[in-house]
Amino acid sequence: MESQSSTGRLQKFSEKTVYFIGILVSLLHIYFNVFSVLPTLTQNALHYSGFAILCGLVYPLSRSLNKERGKIEFGLSLAFGVTGACCAVYLISMEDAIYARGVHLNQGEWIAGIILILSAIEFTRRTTGLIIPVLIILALTYVGWWGAMVGGVFKFSGLTPETILFRSIYGDDGLFGTIARISSTFVFMFILFGAFLLRSGAGDFVINLARAMAGRFVGGPGLVAVFASGLTGTISGSAVANTASTGVITIPLMKKAGFEAKFAAGVEA
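Structure follows, in structure tokens:
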């Protein structure tokens, strides 16, 4: 009985904290997307930091712990998320100093960089499964180690560990690079817009309107999804943002019409 009470208190604390941090993250994204007051790298680092903390709060170490998370596991996950967020902010604040040293990392930056990369890999594992983390590890080890052992067109002379760590954080193809910029701007804002549509009741209106317009046609909801995605894509210019914004409406529409979940997601994608 006492254990259930403790679990209930922990769940309430987690929900309130997620609610509070979620509001802060949303307001922060609205602020720097509307006013463009921050450098791109800083904006992307703050974007990662907010979601690192949220991942620690929401996603347990193992999916088997979804219903009952212990205090120790919850505390460690939260601490790991906060540590990853702090490392991201610290490394961005040290960018000018690193360039002043000729792109050389000191001991503190090495430690922060390794923790940051490990936190990104771990939270990717918690949210998506093992496939993407394994691919990340294979890619990192390829450019730093076994690429030199491969023959033919796949042979790669390799990069130094310092170069790999630096480019993984500060490069355009790194953690805070082009993909992070798309995520912190188009993707996040369209997801937020979609959430407002659903909570305000506009989502139900769109679904009912789509049924009225295309419900009598074979595959009507699928046709509406394709048409809506095309229109949204002309505005956002991002396939990910397009799917994230229209998908929250069109996928439930297709599922209610009898489409299988995987097929509905495929049509939207």
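Going left to right, the sequence shown walks through residues 0 to 268 as numbering that gives the first Met the number 0 numbers them.
Using N, Cα and C, we set each Cβ at its ideal position, and we do this for glycine too.
Distance CB(residue i)-CB(residue j) smaller than 8 Å
| i | j | result |
| --- | --- | --- |
| H28 | A179 | no |
| I97 | I120 | no |
| V149 | G221 | no |
| A263 | M253 | yes |
Alpha-carbon spacing of residue i relative to residue j, whole angstroms
| i | j | result |
| --- | --- | --- |
| G200 | D171 | 39 Å |
| T126 | Y58 | 7 Å |
| E94 | I248 | 41 Å |
| A99 | L90 | 14 Å |
| L137 | L158 | 14 Å |
| G107 | F165 | 13 Å |
| E161 | I113 | 11 Å |
| G21 | A256 | 32 Å |
| F271 | G229 | Any property of residue 271 remains undetermined from this structure, which presents the chain solely from 0 to 268. |
| E1 | R198 | Legend: pLDDT at E1 = 43, less than 50; position of this residue unreliable, value from coordinates given subsequently. C-alpha separation (whole angstroms): 36 Å. |
| G146 | S167 | 17 Å |
| A243 | S182 | 11 Å |
Residue nearest to residue i in terms of C-alpha spacing, selected from the options
| i | options | result |
| --- | --- | --- |
| I163 | V152, W144 and F153 | W144 |
| F122 | V266, S48 and F204 | S48 |
| L174 | K11, R198 and L139 | L139 |
| R68 | F79, L56 and F50 | L56 |
| L75 | L104, A87, S118 and V33 | S118 |
| F258 | F155, V142, R8 and G218 | G218 |
| F192 | V88, K15, F226 and L26 | L26 |
| F19 | L53, N43, Y30 and L129 | L53 |
| G83 | K154, V33, A44 and K15 | A44 |
| I110 | C85, L129 and P132 | C85 |
| K70 | F12, I130, I250 and S156 | F12 |
Where residue i sits in the DSSP three-state scheme
| i | result |
| --- | --- |
| Y272 | Any answer about residue 272 is impossible in this case: the structure gives the chain only from 0 up to 268. |
| M253 | helix |
| D172 | coil |
| T159 | coil |
| V36 | coil |
| M148 | helix |
| L104 | coil |
| E121 | helix |
| I68 | Ile is not the amino acid found at residue 68; the sequence shown has Arg there. Looking at R68 - three-state DSSP - the assignment turns out to be coil, as it is neither helix nor strand. |
| A274 | Absent from the structure is residue 274, since the part of the chain shown begins at 0 and ends at 268. |
| M188 | helix |
| G21 | helix |
| K154 | coil |
| E94 | helix |
| A268 | coil |
| G246 | helix |
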